[in-house]
Amino acid sequence: MGQMKPNTLTGDPYVNQILDFCHGHTGGQGDYHFHAAPECLIQHPDGSEEHYNIVGFALDGYPLIAYYKSVLEA
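Under the numbering used here, the very last position in the sequence shown is 304; numbers go up by exactly one each time.
So this is what it looks like as structure tokens:
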């Protein structure tokens with residue numbers, strides 16, 4: 231993925247259609263961030279499902295975990 235240019239629009243990123251396929255965009259300082267669950271990082275190419283996926287880490291070191299499917303589901 232190449233370098234993304236900073237966003238110069240203000241207001242709602244969804245309305246302004248500046249969200250990419252991962253539901254994210256660059257901010258005013260060139261910082262990339264998400265506005266919704268990053269489906270591109272959560273879905274497995276082979277269609278398999280995991281109970282959880284770590285999609286990143288918070289500044290305090292805790293993992294950011296996406297969708298969870300209970301092991302008790304039939």
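Backbone N, C-alpha and C define an ideal beta-carbon position, used for all residues, glycine too.
Among all the DSSP beta bridges, which residues are the ones paired with P293? DSSP lists F287 as partners of P293.
Given a threshold of 16 other Cβ atoms within 10 Å of its Cβ, counted over all protein chains shown, does Q268 qualify as buried or as exposed? Note that residue 268 is Pro in the sequence shown here, rather than Gln. By the 10 Å Cβ count, P268 comes out buried.
Rounded to whole angstroms, what's the CA-CA distance from A288 to I248? Just pull it up for me. Approximately 24 Å, taken between the alpha carbons.
Span of the beta strand (DSSP E) holding H265? Here H265 belongs to no beta strand (DSSP E), and DSSP marks it neither H nor E.
Taking all protein chains shown into account, do 16 or more other C-beta atoms lie within 10 angstroms of the C-beta of G286, making it buried, or fewer, making it exposed? With fewer than 16 other beta carbons inside 10 angstroms of its own, G286 counts as exposed.
Use the C-beta contact count for M231: other C-beta atoms within 10 angstroms, 16 or more gives buried, fewer gives exposed. Residue placement at M231 cannot be trusted, given a pLDDT of 49 that sits under 50; what the coordinates show is reported in the next sentence. Here M231 is exposed, its C-beta having fewer than 16 other C-beta atoms within 10 Å.
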